[in-house]
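Chemist: Counting in our numbering, the sequence shown runs from 695 upward without gaps. Glycine included, each C-beta is placed from N, C-alpha and C at the ideal position. As the structure is a prediction and not an experimental result, all values here were calculated from the model.
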Amino acid sequence: MKSFRLRGLASEYAFAAQYYEMIDDEKHSLISPTLDTGWDYMIASTGIKIQVKRHTPNNKYNPYNLDLRRKRNKGTGNYTGTEFDYLAIHDTDADQFIITHVSNLMKDGKMKQSIGIRSLPNQGFKSLCTKN
């Protein structure tokens, strides 16, 4: 497995660890898909789907831009905005998660291909506890 994929898994596990520290009932457990379906976790009680992305600042271009295009499954196309409900960005520079609703990633009904992470509203882990 490539090192960037391992770091991505580390971010997924870090998200799950922080999430489990917050919940108080097993019914809110996280479910992982068996195939790559465009989301990393689903909350069992609400059906909310979460995609976790790792962001490490890039000094070549805008250091706080996150590329949202799919890399591993190019045959499936880019995200459309229907695959997940929330994006959890592991900002490794600030060592925190930015959690934002998928509606904040859309422009004119289409998913943006890149976003500035510092301009996104951080709705926090508590936003995952209610179904929209």
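Specify whether the stretch 792-807 and the stretch 714-724 touch according to this definition: at least 3 beta carbon pairs, one from each stretch, less than 8 Å apart.
Modeler: Output reads no: the stretch 714-724 does not touch the stretch 792-807.
Chemist: Evaluate the contact criterion for the stretch 742-759 versus the stretch 771-790: three or more CB pairs, one atom per stretch, below 8 Å.
Modeler: Enough Cβ pairs lie closer than 8 Å, so yes.
Chemist: Is it true that the CB of Glu777 sits closer than 7 Å to the CB of Asp734?
Modeler: In this structure, Glu777 does not lie closer than 7 Å to Asp734 by Cβ.
Chemist: Give the secondary structure of Phe791 by DSSP, where H, G and I count as helix, E and B as strand, and everything else as coil.
Modeler: Three-state result, Phe791: strand.
Chemist: Tell me Asp761's beta-bridge partners as DSSP assigns them.
Modeler: DSSP output for Asp761 lists Ser808 as bridge partner(s).
Chemist: Give the DSSP bridge partners of Ala782, in chain order.
Modeler: Ala782 pairs with Val746, Ile793.
Chemist: Using the DSSP secondary-structure output, state which residues sit across from Tyr707 in a beta bridge.
Modeler: DSSP lists no partner for Tyr707.
Chemist: Counting along the chain, where does the beta strand (DSSP E) carrying Tyr735 start and finish?
Modeler: Residues 735-737.
Chemist: From the DSSP output, in three-state form, read off Leu724 for me.
Modeler: If DSSP states are grouped into helix, strand and coil, Leu724 belongs with the strands.
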